[in-house]
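Below is one structure; the comments refer to it alone.
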Amino acid sequence: MVDFLAENNLCGQAVLRIVSRGNAIIAELLRLSEFIPAVFRLKDKSDQQKYGDIICDFSYFKGPEYYDSKLEAKPDLQDLDDEFRENNLEILSRFYLAFESVHKYIVDLIRYLDDLYEGVYIQQTLETVLLNEDGKQLLCEALYLYGVMLLVIDQKMEGEVRERMLVSYYRYSAARSSADSNLDDICKLLRSTGYSSQSGAKRPANYPESYFQRVPISSTFISMVIGRLRSDDIYNQVSAYPLPEHRSTALANQAAMLYVCLYFIPSILQTQQAKMREIVDKYFPDNWVISVYMGITVNLVEAWEPYKAAKIALNYTLDSANIREQQVRSRYSVSMEGLRPQIQQLLKEGFLREEIILDNVPKLLNCLRDCNVSIRWLMLHTADSAYDPNNKRLRQIKDQVINDSKYNPKILFQVLLDTAQFEFTLKEMFKKMLSEKQLKWESYRAEGSERMTELAEVFSGVKPLTRVEKNENLQAWFREISKQIESLNYEDSTAAGRKTVQLIQALVEVQEFHQLESNLQVCQFLADTRKFLHQMIRTINIKEEVLITMQIVGDLSYAWQIIDSFTSIMQESIRVNPSMVTKLRATFLKLASALDLPLLRINQANSPDLLSVSQFYSGELVTYVRKVLQIIPESMFTSLAKIIKLQIHAIMEVPTRLDKDKLKDYAQLGARYEVAKLTHAISIFTEGILMMKTTLVGIIKVDPKQLLEDGIRKELVRRVAYALHKGLIFNPKAKTSELMPKLKEMAATMDGFYRAFEYIQDYVSIYGLKIWQEEVSRIINYNVEQECNSFLRTKIQDWQSVYQSTHIPIPKFPAVDESATFIGRLCREILRITDPKATCYMDQLNTWYDLKTHQEVTNNRLFSEIQDTLGTFGLNGLDRLLCFMMVKELQNFLSVFQKTILRDKAMVDVFKAMLSAVNPVKGIVANASKGYANAVAKTQRIWGPYLESIMKVGQMQILRQQIANELNYSCKFDSKHLAAALENLNKSVAPSERMLVHAYYYDRMIHSGENKYLIHCQFCRFSYLQRMTCRKATDPVDWSPLVLGLLTLLKQFHSRYTEQFLALIGQFIRSVMEQCTSQKIPDMPSDVVGALMFLEDYVRYTKLPRKVAEAHVPSFIFDEFRTVL
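Per the numbering used here, the very first residue in the sequence shown carries number -9; after that it's consecutive.
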């Protein structure tokens, strides 16, 4: 008969592919459960208020028109909905594909069963498949995995969250219009069950059986699967656990499958007491906490509480006398006499030798079984996650287990470490013996044969040997024995073993019958030969089955999640004794064996999912390894902080010249001894982690040196990020700004970190400066990115960020004000203290003064302080954030412009009249003072918002200018060669770039219905220039921000609008000066002075030639203006 899993067996391959896909789907569900967007939980009030109208559960399907019309009625809500779609559609699509895979899985399984019923597979029916060993396993796994998928979805993704994500996907994707979409079926399958994984949450009625029955599956198939699981040892595990006391452990995986499958026929749990009693007696006579899949634990006391038959059947197991009996017999107490000393004896240096192993394989395996069974039972039955603290009965059971077993988590952890180490050592030695098995066997055979040949020569009389007479019979006999030994065949191990035993017996007999004991040399030859023959028997008995048994017995998949409860014990052990890492390595490798469970079928099916699933589980385990070993960098940094404190505050710096009598004062032996002691501790920690050799965890190679570096980076990032978060929080109500003092304090903190890293690098063999620069830049860039997210329509999520890392994560802290991060708080504090409404900026001094007190507020030293605190990355990040803020202000300006002018007919008419009054622009406006005054009066109400936006933009440009100056200054000191190269590049590229931009503007004409009014916009700016002299204290206007703001605004449009704007200013100056001349007014009006000052500053800031301004205003007016100044 063809092998069921053979490639040409379509029936076997079909179900194998289904089961393989099932394991891959569960891995994907577990992976995605960590990436559920928090907004879909709607836990925060702010999220509820903001997104409540656009995130809906399945109630949406009752009236989609109502929800859609509500969105259409509110443009802001519609805009928010579009933004939400852009940010979340990608992750929603990923979730939907996973949900769709679950539905497709069960549909494919049902189709496979239908094909079996219909005879599609020749000579194969459901019954024949279940009779086949592989077929039986796969069909049971297929149903079990479907149940696990449903349970994982409900545990990891709450029902309401699932519904919201499905509705959002339905609204945002094209799936609703697709003819082959099965969205409706997916929604029916995965609608909320009412279950919550929160502690104390009430279990819904008929859960999970009603959930499992949403897609009907053949009852015959389910019954037959449960029948097989009840009666058979489908994985033949009992052979690995010969003792009857270990049967429940041997059948543990099968018991978990049966537990899940029983929910498909809840009548067994509810009413069929005989079956339930049989199940409990076979699978749960001494245990009630099971691992369902990859460490997901279930307490049967709680799970079977609603089911009458199951509850009654389990009562005997839970009887206090039964629980006590388990402990009295010391079956599950790891502190019992004999077990711990025995395992520690086996681990003694030099004890586990090849001959010891070969002679004691059964004993060693029994020891392994006892240890692993005890560890499994205690870990599962004392796990906090398996007991609901609100359930009184569960608390009592747990307390009894702990008291009766004298449970001590530290002892259990120690036994786990020792067992893992023993298991690892035994496996490695056995693998080595297995690989050398044939070579050694053949060498023993050759040695034995040679001994017999030599002995035959001794009795020939030719070879002289003391007092050995010639004996032709013995000579012939020994030659025959030599030939017999030589003829032993390695390939036929059974026959060779039998024959070897006979040869040993023959050698014993020949020594007795021929009275050869009197000759010591002959006796020695015979003893050596027997020894080699014995070695051949032991070597031939080295079989791979022992390794397979060790793999089965050593399974730790049940602890995939609950091992985390031992993390603190592991870390404390490492902190006390860093060399403990070597034992932990064996434990991590033992835990890695859990990967065999989900990967077995994927590998057998040659599925392309093998790599992704392997990477997921391996990555999870490596993450846990990093978490445990993170105690080493943490301890190092704690010691380092003490060293830096001593160096700064206790140890005096020794001068280059020192008087002899002061030598003792500077010695400070106590403080220096403490520094040496702490430094030595750091070295010991480093040595500890490096003792863990490069290890393959799953498919990921773990290099201890890289682990150490990543751990140091992680701890550095955590501490620096926390320091920046706490150190840069400002009180806006403070009488004097806290900015400079906090920056100085933060600079000292950052310098402390830097000096610490500089000190540590030689003792831990890392590139300290490189790591410092990389991680600090990453922290700052990430925070800038997160701060800029508030200005972006499409946000950059953490999993999309190039700065965020899984292994070395940058922590996120809750916002303390409108800013999301410290960089936002710093930027807004700078903007607050340099607010143009409250301060006056003196361009020549690079200083801001308070308008009321005329005291200095801040100056360009502020940016040097930021450079000292956050470095180049911080200044660059501030510049980037200011750019985003400027864009927002310019967008606000245009929005206000559209609302107050373009959509206001009366205002449009006013501007049309004004424009016709000043045409032609090259001419002179008659009665200029009155005409311009009337224009200002008619448009007075619109200037407020415009002025505020323009001055904010100008303020930000000044700050950016100061940042650029600081960067340029520090660059010339820190990297003068790079600075010179960059300067030359700019000089060579900038002129050609300007020409390209200039040509681009003239080639690309802007044709927009709104742009024809932009000249009015510029005219408005010009009209307001008449009030730039800040005549009233209640109407403060800072000149530099206003000029730079106007300049920035003009740069956003085509250059012809700037030309028109300058022409209108020139016309204003000429018209007013003409009127003054005709009326013989001797003084130049202040409005004209302001306009001329603007032109002067415009030319200065834009670095344009003077003739640009003189094209609109005669040079003699500029000459007169200078005499007025």
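Using N, Cα and C, we set each Cβ at its ideal position, and we do this for glycine too. The structure presented is a predicted model; accordingly, all values stated were derived computationally and were not measured.
For the 7 Å CB-CB criterion, S569 and G678 form a contact. Look at the beta carbons and you see the segment 41 to 59 touching the segment 149 to 158: at least three pairs across the two are nearer than 8 Å.
In the DSSP assignment, the residues bridged to M832 are T837. Y283 sits in a strand when the DSSP states are folded into three classes. Inter-segment contact for the segment 519 to 537 and the segment 413 to 426 is present: three or more beta-carbon pairs are separated by less than 8 Å. With distances taken between CA atoms, N243 lies nearest to D222 out of A666, N909, Q260 and D222. Runs of the alpha helix (DSSP H) spanning 4 or more residues and lying entirely within the segment 553 to 577 occur at 557 to 566, in chain order. Straight-line measurement puts the Cα of A230 at about 7 Å from the Cα of V543.
A distance below 8 Å between beta-carbons, with the five flanking residues on each side excluded, links Y197 to the following residues of its chain, in chain order: T183, G184 and Y185.
Per DSSP, N305 is one residue of the alpha helix (DSSP H) stretching across K298 to N305.
The DSSP assignment places no complete alpha helix (DSSP H) segment of no fewer than 4 residues inside the segment 90 to 114.
With a cut-off of 8 Å on Cβ pairs, the segment 589 to 599 is not in contact with the segment 700 to 709, counting fewer than three such pairs. Distance check between V911 and each of E1049, I820, K842 and S780 places E1049 closest, using alpha-carbon atoms only.
By the criterion of at least three beta-carbon pairs nearer than 8 Å, the segment 745 to 754 is not in contact with the segment 834 to 854. DSSP places K760 in the uninterrupted alpha helix (DSSP H) bounded by G758 to C778.
A918 places its beta carbon 7 Å or farther from that of V1078. A distance below 7 Å between beta-carbons, with the five flanking residues on each side excluded, links M681 to the following residues of its chain, in chain order: S569, V571 and T572. Going by C-alpha positions, N958 is about 25 Å away from L718. Contact between Y749 and W762 does not hold, since the beta-carbon distance rounds to 12 Å and is not under 8 Å.
By the beta-carbon neighbour count (other beta carbons within 10 angstroms, threshold 16), A373 is buried. Within the segment 136 to 180, no run of beta strand (DSSP E) reaches 3 residues while sitting entirely inside it. Within a 10 Å sphere around the beta-carbon of T726 sit fewer than 16 other beta-carbons, which makes this residue exposed. As the crow flies, the alpha-carbon of Y111 is around 30 Å from that of A17. The bridge partners DSSP lists for L611 come to none.
For V847, the enclosing beta strand (DSSP E) starts and ends at E846 to N849. Here A1081 is buried, its C-beta having at least 16 other C-beta atoms within 10 Å. Boundaries of the alpha helix (DSSP H) harbouring T1092: S1076 to T1092, taken from the DSSP string.
Of the residues R520, E459 and I538, the one whose Cα lies closest to the Cα of E413 is I538. Counting the other CB atoms within 10 Å of its CB gives H670 a total below 16, which places it among the exposed residues. Membership of K691 in any alpha helix (DSSP H) is not indicated; the residue belongs instead to the beta strand (DSSP E) covering I690 to V692.
For E765, the CB contacts under 8 Å within the same chain, skipping 5 residues up- and downstream, are R703, L706, V707, V710 and I798 in chain order. E1110 and V1033 have their C-alpha atoms some 22 Å from each other.
Along the length of the segment 589 to 653, whole alpha helix (DSSP H) runs at least 4 residues long occupy 599 to 619 and 621 to 635, reported in chain order. Scanning the segment 329 to 360 from its first residue to its last, the whole alpha helix (DSSP H) runs of 4-plus residues come out as 329 to 336 and 344 to 349. By the C-beta density criterion, V615 is buried, having at least 16 other C-beta atoms within 10 angstroms. Of all C-beta pairs linking the segment 281 to 289 to the segment 141 to 148, three or more are shorter than 8 Å, placing the two stretches in contact.
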